[in-house]
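Below you'll find the structure, written out as structure tokens, and then a few comments.
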């Protein structure tokens with residue numbers, strides 16, 4: 001099942017919360033994307049930023065598994081959410 005755009009955005013925001021609860025994970029995301037921590041609040045409504053969150057998790061299988069386990073969801077839904085926002089999902 002492919003999530004709607006609204007559902008994909010919600011999943012990405014769950015990922016943002018998940019990452020922000022672990023300094024190492026968040027710092028890695030910020031370093032890889034070049035995102036300024038002070039800009040996150042403004043970027044949280046941007047589909048490109050949300051897609052970057054989804055792609056970041058899809059590209060890191062242990063992170064994807066950890067997120068899915070924490071949320072009680074299927075890793076495939078993260079990839080589907082990424083595609084819904086114009087990303088590639090799993091590569």
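Residue numbers (the numbering used here): 1 to 91. All residues carry an ideal CB built from backbone N, CA and C; glycine is no exception.
Reduced DSSP category for residue i - H, G, I as helix; E, B as strand; rest coil
i: residue 94; result: The question about residue 94 has no answer, for the chain in this structure spans 1 to 91.
i: residue 85; result: coil
Alpha-carbon to alpha-carbon, residue j and residue i
i: residue 54; j: residue 18; result: 12 Å
i: residue 40; j: residue 87; result: 20 Å
i: residue 31; j: residue 24; result: 10 Å
i: residue 76; j: residue 38; result: 31 Å
i: residue 52; j: residue 46; result: 10 Å
i: residue 35; j: residue 29; result: 8 Å
Sequence-distant residues of the same chain with beta carbon closer than 8 Å to residue i, five excluded per side
i: residue 44; result: 13, 16, 50
i: residue 84; result: 2, 3, 4, 5, 7, 8
i: residue 63; result: 25, 56, 57
Neighbour-count burial assignment, residue i, 16 or more Cβ in a 10 Å radius
i: residue 81; result: buried
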